[in-house]
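Protein chains in written order, with this note's numbering: chain H, 1 to 151; chain P, 152 to 515; chain E, 516 to 673; chain Z, 674 to 1046. Structure first, commentary second.
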Amino acid sequence: MTTEEIKQSVSALFPDVTYDEAGEFLNVLTDSKGLKPLMQALRRNSEFDFDYLFCLTCIDWKTHLTMVYHMLSKSNNHTVVVKAKIADVNTPEIETVCDIWETANFHEREVFDLFGVKFINHPDLRRIFLDEDWEGFPLRKNYVDENMIEI
Amino acid sequence: MKLILDISFSSFATGIHQWLVGAVHSEGLVKVIEMVIAGLALLVFLVPLCFILGYMERKVAAFIQVRLGPNRVGPKGTLQIVADTIKLLFKEGLTPNASDKFLFNLAPMIVVVTSMLVMAPIAFAKNFQIWDISIGVLYVSSISSIAVIGILMAGWSSNNKYSLLGAMRSGAQIVSYELSVGLSLISIVILAGSLRMSDIVMSQENGWWIFKGHIPVLISFVIFLIASTAEINRAPFDLAEAEQELTAGFHTEYSGMKFAMFLLAEYINLFVVSAIAATLFLGGWMPFHIGHWHTFNFVMDYIPSSVWFLGKTFAIIFIIMQFRWTFPRLRVDQLLTLEWKYLLPVSMVNVILVTVMAIMGWHF
Amino acid sequence: MFLKEYFGSIYRSARSLLKGMKLTGYYFTHPKEIQTEEYPDNRATLTMFDRFKGEVTMPHNENNEHRCTGCQACEIACPNGTIKIITKQELQPDGKKKKAIDTFVYHLELCTMCNMCVLACPSDAIVMGQSFEHSVYDKRQLKKVLNQPGSKIMEGVE
Amino acid sequence: MSLLGEDIVTEDGEFVINIGPQHPSTHGVLHLKVWLDGETIKRIQPHLGYIHRSIEKMSESLSYRNFIYATSRMDYLSAHINNQACALCVEKGLQVEVPERAKAIRILMAELTRLSSHQLWWGCTGLDLGAVTPFFYAFRERESIMAIMEETCGARLTQNYCVPGGVMYDIHPNFRNRVKDTLKQIRSKFNEYEEILTGNVIFEQRTKGVGYISAEDAISFGCTGPTARGSGVSCDVRKLFPYDGYEKLQFKEILEQGGDCYARYMVRMAEMKQSVFIIEQLIDNIPEGEFQAKTKMVLKLPKGEFYQRVETARGELGVYIVSDGAASPYRIKYRSPNFSNLSALERMATGTKIGDLVAIMSTIDLVIPDVDR
């Protein structure tokens, strides 16, 4: 499918989403509420069939957090990026996608560990790299650590 | 020269015996003293033997692996193993807090003692044997299976999960491979008609069993090599230790001298197994003779019998070492598959073949 | 049929194992194939490749002169803060003051040999040295001063 | 999670062992908590982070020239390819045209890296399965590749040879001859690899049918590289999304349908030959010209997001740079192949024996610093 076709098909199902085509891939912008049905549709609908979630990460924009999902369809060979805005910086929450893609399990734990985003319904949401008793979320822009040295 | 050397072994022993009888006047005491002397002689023999085997293992491994091996301590690295022994002697022998301390300390002793006991009926040279027991082969196979108790003890008492797994593997392994070892030994017993080691050697006066016994004996030789490699827990059957899976298996918690004893036992076992293979299949100390080549046979006779014995033994040791440095390790279920589905049926059929051969007198 | 398969599998297994033993046997009997070098013994003949990045050095000529102007480009280029340059104002013969290095501190223990400082240097004052035997008992010994005592900047280097 | 004071068997009759963080088979500081039933694995839980250095956070404070060196420390066995990925991503942002010569040199180095990485993997696989000798044979060939690296890049492992716009310096005059000698040596040794490990019956028994993962699962778990190609998933980035002129080269994407350890093993063995083939095509055809494009002293990426993927020796490495127009990245994410491959470990190893776990780990070819980053 071409970018335009994807846009049309997605808009038919989810009229609320917006698009950003500045970068390399088509970006589908949504919010934390609308993420889960969108992702389910992108995976399950055979016209999309995004079966390979190759990158899952988060960006801290200070005012809000953005979850970024890079997806590829092995069969249709098209790529899309879904961005979900999480407005609440202090207690960020979003629905998990690890029942759709198994790889999301580890990647969401990583995001939880480093950004503090809580994934609702995640089966095993623990810190993955840092200690259980670590304070703060290191990749957040407001994270301070007295051991950090500025070079 | 050969005559002198061979006579000297037996006459040396008889000389000591007569001198003791004259000096002590008590038959019981003479026996005790003789046993102590034999035991000490064995110990004195074992230490350099283990040094040699340790050095040999390292050099064989190194040459196979395109490297040089030990070459720093002593000429050509020969003293490296001495240095390692001294290091092990001075290291602290840790005993884990939660372990069963009595069994933990006992286990290495049991392993070493059993492997030493098996040395008793081996004929090192003509007329040179510690104990020519009439049930030699039976003795060997029964004593060697005690070692598994030591290993199980070590694994259990360490209170370590890796050790326990290693010990359990070792138990399953040794118990099953006993059978094949026993059956392949039986085929020679059938042919030689005796369990006594010296009789078995003498029965090979006109040719070693591996040549006389046609293919069945060759098969049982191969089975013996494989099964005994498994029984002494050497790679590719070193599941009890399995470094990459269980760190060090049953001796994970051992250090210092106690660890050194397991190492010692491993090398003694290696020697014993090879010596038994050499005795049963390759004629022990019997020189190599070819039919009617009298000159050739005469020359062969001039090589001392102890050299023949040690030469054969070390050839087999080399093969077992080469196994270790060539093959990947088997998995635990494959190990048992190999025994129960391949080695055991084959050796059972083989025993029947050998029996038929012995009854019909088809061997040379 | 079953027996044929059974013995066939034994034959194939034995063959594959013997192949492996043949290879190891070959190497055992051909000590010429041995690859290892006896390192501390061959120190005299051991030469590193000319591009080998062992440590940062500052070459001095026979008059104890270096080429460092103290511009601190390397300090900025270094990702780990390996280099610290302490500058001073030196009085020129013509009466003008000029910036020059006092000490060029190089923390070998922080260095990742990424070559960024050498690329950044506008006057080619520092190069990568080939020495690789850096191990010492005290990590403080790894802090080095690269400009030799009493050294001066070379004539004509700006 | 207390490791001390637990009974050997828990109240539920579970026998739990901790493989790692220090363990001969984990190739680093991976910690696996394994629930056992006898020798059979019931469940595996990886505990990560023993070597987490937060390279992503570090990169946020480094300039676009300087952050590249840190990626050598992620997947240290394909350090050059990691550097290449970063350089490509920065170039994508800067829209710099890399000279043909630099591209060719990069591919040559990348394939040499892949070759050396696969060789180390081959040796380690043998080692993990109990055959120690292949390890030394593998290192013998690897050593000559290391010499090439050392001569041209100045370092053996963490080369830092890629810079935005090209490579750091031109190839060494001796490079061509040395590569040709090495390739000749490696080609002559492939049959030794077959003899000592591939054809060995014990090895076949240990790997065939072990650690199966289906193609669907492999995609779902995000497996890439030989791990996925062993299950028949076409995922070679060099073919699907060519970079640095891979599209001009002749090579095959190796696919095996087995999905087990043996299939993954065979994929890597065949990939070694493909790498040799690629290098042979290029070595006499390195274009003349500049080895580095002219770039500004201080690099500044325009505001936006840039994603670049490359095929490392272990799979697809993605570099995702979010730029706010400053001289250092606002956010950088490395999508490391090992992290996703490791997540599939539980699926592969459940129901197998401990010995199989070792085989599976070695055929996934884990590099722990790349998992932890």
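Glycine included, C-beta positions come from ideal geometry on N, C-alpha and C. Nothing here was measured: the structure is a model prediction, and the numbers come from that model.
Quick check on residue i: does DSSP put it in helix, strand or coil?
| i | result |
| --- | --- |
| Z:Arg-716 | strand |
| Z:Ser-1035 | helix |
| Z:Leu-721 | coil |
| E:Ala-640 | coil |
| H:Asn-27 | strand |
| H:Asp-16 | coil |
| Z:Val-971 | coil |
| P:Gly-400 | helix |
| P:Met-437 | coil |
| E:Thr-562 | coil |
| H:Arg-140 | coil |
| P:Ala-391 | coil |
| E:Lys-537 | helix |
| P:Met-472 | helix |
| E:Val-633 | helix |
| Z:Met-674 | Note that Z:Met-674 has pLDDT 34, beneath the 50 cutoff, so the model's placement of it is unreliable and no number is given. |
| P:Lys-153 | Reliability fails at P:Lys-153, whose pLDDT of 43 lies under 50, so the model's placement of it is uncertain and the value that follows must be treated cautiously. It is helical. |
| P:Met-508 | helix |
| Z:Tyr-919 | helix |
| E:Phe-619 | strand |
| Z:Glu-944 | helix |
| Z:Tyr-834 | coil |
| Z:Asp-854 | helix |
| E:Gly-585 | coil |
Against residue i, what residues of chain P qualify as contacts under a CB-to-CB distance less than 8 Å, listed in chain order?
| i | result |
| --- | --- |
| Z:Asn-873 | Phe-478 and Pro-479 |
What residue from the options has the CA that sits closest to residue i's CA?
| i | options | result |
| --- | --- | --- |
| E:Asp-565 | Z:Leu-721, Z:Met-747, Z:Thr-825 and Z:Ala-1017 | Z:Thr-825 |
| E:Tyr-554 | P:Gly-306, P:Asn-222 and P:Leu-240 | P:Asn-222 |
| Z:Ile-994 | Z:Pro-697, Z:Asp-748, Z:Leu-767 and Z:Phe-688 | Z:Leu-767 |
| P:Pro-199 | P:Gln-231, P:Ser-162, P:Ala-174 and P:Leu-486 | P:Gln-231 |
| E:Gly-585 | E:Ala-635, E:Thr-627 and E:Asn-595 | E:Ala-635 |
| H:Ala-84 | H:Asp-99, H:Leu-72, H:Val-117 and H:Lys-141 | H:Val-117 |
| E:Leu-661 | E:Lys-537, E:His-575 and E:Phe-619 | E:Phe-619 |
| Z:Asp-997 | Z:Phe-688, Z:Arg-726, Z:Ser-734 and Z:Trp-708 | Z:Ser-734 |
| H:Thr-18 | H:Val-28, H:Ser-9, H:Glu-24 and H:Ala-12 | H:Val-28 |
| Z:Gly-1028 | P:Val-175, P:Glu-356, P:Met-499 and P:Tyr-313 | P:Tyr-313 |
| P:Thr-403 | P:Gly-512, P:Phe-196, P:Trp-307 and P:Val-352 | P:Trp-307 |
| H:Glu-158 | H:Ile-6, H:Leu-114 and H:Ser-32 | One cannot answer for residue 158 of chain H here, as it falls past the ends of chain H, which runs 1 to 151. |
Using a C-beta to C-beta distance shorter than 8 Å, which residues of chain Z count as neighbours of residue i?
| i | result |
| --- | --- |
| P:Val-217 | Phe-809, Tyr-810 and Arg-813 |
| P:Thr-229 | Near P:Thr-229 there are no residues of chain Z at all, since even the closest Cβ is about 22 Å away, more than 8 Å. |
Going along chain H, which residues have a C-beta under 7 Å from residue i?
| i | result |
| --- | --- |
| Z:Phe-894 | Glu-102 and Thr-103 |
| Z:Gly-693 | Simply none; closest approach about 15 Å. |
| Z:Leu-721 | Ile-128 and Phe-129 |
Strictly below 9 Å CB to CB, what residues from chain Z border residue i?
| i | result |
| --- | --- |
| P:Gln-395 | His-696, Pro-697, Ser-698, Leu-800, Asp-801, Leu-802, Gly-803, Gly-1028, Val-1031 and Ser-1035 |
Name the chain E residues that come within less than 8 Å of residue i, Cβ to Cβ?
| i | result |
| --- | --- |
| Z:Arg-902 | Result: empty, since nearest Cβ-Cβ is about 26 Å, beyond 8 Å. |
| P:Val-211 | Phe-543 |
Determine the chain P residues that contact residue i at a beta-carbon separation under 9 Å, and present them in chain order.
| i | result |
| --- | --- |
| Z:Phe-658 | No statement about residue 658 of chain Z is possible, as the shown extent of chain Z runs from 674 to 1046 and does not include it. |
*asked:* Please give me, in chain order, every unbroken run of the alpha helix (DSSP H) with length at least 4 that falls completely inside the stretch 875–906 of chain Z.
replied: Whole alpha helix (DSSP H) segments, 4+ residues: 888–893 and 898–902.
_Any alpha helix (DSSP H) of 4 or more consecutive residues that is wholly inside the stretch 207–277 of chain P_ = As far as the stretch 207–277 of chain P is concerned, its whole alpha helix (DSSP H) runs of at least 4 residues are 231–241 and 252–268.
*Could you name the residues of the stretch 479–496 of chain P whose beta carbon sits closer than 8 Å to any beta carbon of chain Z, in the order they occur along the chain?*
Result list: Pro-479, Arg-480, Leu-481, Arg-482, Val-483, Asp-484 and Gln-485.
*Any residues in the stretch 459–473 of chain P with a beta carbon nearer than 7 Å to a beta carbon of chain E? Which ones, in chain order?*
For the stretch 459–473 of chain P, which is checked against every Cβ of chain E, the residues closer than 7 Å are Gln-473.
*Output, in sequence order along the chain, the residues in the stretch 588–602 of chain E whose CB is closer than 7 Å to any CB in chain P.*
Listed by position, the residues of the stretch 588–602 of chain E near chain P (Cβ gap below 7 Å) amount to none.
_Give me the subset of the stretch 695–717 of chain Z whose CB atoms are less than 8 Å from a CB atom of chain H, sorted by chain position._
Interface annotation for the stretch 695–717 of chain Z against chain H: empty, criterion Cβ-Cβ distance under 8 Å.
*Of the residues that make up the stretch 993–1019 of chain Z, which ones have a beta carbon closer than 7 Å to any beta carbon in chain H?*
Taking 7 Å as the Cβ-Cβ cut-off, the stretch 993–1019 of chain Z approaches chain H at Tyr-993, Val-995, Arg-1004, Lys-1006, Arg-1008, Phe-1012, Ser-1013 and Ser-1016, given in chain order.
_So if I threshold CB-CB distances at 9 Å, which residues from the stretch 16–42 of chain H count as touching chain Z?_
For the stretch 16–42 of chain H, the beta-carbon criterion of a distance under 9 Å to any beta-carbon of chain Z is satisfied by Ala-22, Gly-23, Glu-24, Phe-25 and Asn-27.
_Which residues of the stretch 548–573 of chain E have a Cβ closer than 7 Å to any Cβ of chain Z? Give them in chain order._
Answer in chain order: Gln-550, Phe-564, Arg-566, Phe-567 and Lys-568.
_Residues of the stretch 377–388 of chain P in Cβ contact with chain Z at a cutoff of 9 Å, in chain order, please._
Per Cβ criterion, the list reads Ala-386 and Pro-387.
*Of all the alpha helix (DSSP H) runs that stay within the bounds of the stretch 345–380 of chain P, which reach a length of 4 or more residues?*
Listed in chain order, the complete alpha helix (DSSP H) runs (minimum 4 residues) inside the stretch 345–380 of chain P are 348–353 and 360–363.
*Pick out the complete alpha helix (DSSP H) segments inside the stretch 977–1038 of chain Z, 4 residues or longer, and give them in chain order.*
Within the stretch 977–1038 of chain Z, the runs of alpha helix (DSSP H) that reach at least 4 residues and sit entirely inside it are, in chain order, 1010–1016, 1018–1022 and 1027–1037.
_Residues of the stretch 307–326 of chain P with Cβ closer than 9 Å to any Cβ of chain Z, in chain order_ = Residues are counted here when their Cβ sits less than 9 Å from a Cβ of chain Z; for the stretch 307–326 of chain P these are Asn-310, Asn-311, Lys-312, Tyr-313, Leu-315, Leu-316, Met-319 and Arg-320, given in chain order.
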